[in-house]
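What follows is a single structure, written as structure tokens, with notes after it.
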Amino acid sequence: MYHEKQIKELCALHTLNNLFQDSSAFSKSNLDAICVALSPGNWVNPHKSLLGTGNYDINVIMTALSTKGCGVIWFDKRKDPSIIILDKIVGFILNIPSEYRIGPVQLPLKRKHWVAIRIFRGMYYNLDSKLDAPELIGKEGR
């Protein structure tokens with residue numbers, strides 16, 4: 001199973017590549033080009049980190065997925081999970097709270113982190129790029 005590990009603030013890139021199980025599904029330059037297309041002519045792009053280290057927003061992820069012919073369904077805790085038709089879903093992308101660290105030092109900043117969940121041979125795996133390896137989190141039908 002393919003699993004990209006975290007580099008800089010590129011969790012959106014790793015999430016997309018982990019979801020597609022393909023290291024070349026997307027590159028940083030692909031996502032940067034999407035940012036420019038979403039906000040042409042802006043000196044400061046609102047869809048990524050000012051420092052150019054990643055930290056892409058949902059608009060970039062949704063546009064990237066659409067280039068691969070994938071539809072996106074926005075879902076949050078206000079919706080009933082029973083409406084999800086699992087056999088029509090390739091995977092899930094979650095935006096979760098995350099600690100921000102510089103080495104061993106945890107900084108008091110509130111950050112968000114993109115994570116992919118994917119089914120593989122009837123098993124659901126957490127493909128979080130901060131994990132050492134994919135984590136089995138459940139079985140199909142349970």
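When we follow UniProt numbering, the leftmost residue of the sequence shown carries the number 1, and every step to the right adds one.
Backbone N, C-alpha and C define an ideal beta-carbon position, used for all residues, glycine too.
Start-end ranges of the beta strand (DSSP E) lying completely within the UniProt domain "Josephin" (1 to 142), minimum 3 residues: 91 to 102, 105 to 120, 123 to 126 and 135 to 139
Cβ-based neighbour list, Asp132, same chain, cut-off 6 angstroms, excluding 5 preceding and 5 following: none
Distance between Thr15 and Ser129 (C-alpha atoms, nearest Å): 7 angstroms
Status (buried if at least 16 other CB within 10 Å, exposed otherwise) for Gly54: buried
Residue burial classification, Lys110 (beta-carbon count within 10 angstroms, cutoff 16): exposed
Buried versus exposed, by CB contacts within 10 Å (16 or more), Glu99: exposed
Ile96 versus Lys5, Cys11 and Ile7, residue with shortest Cα-Cα distance: Cys11
Whole-Å CB distance - Leu31 paired with Leu13, under 8 angstroms assumed: 6 angstroms
Cβ shell of Thr63 (< 6 angstroms), same chain only, five flanking positions each side left out: Ile34
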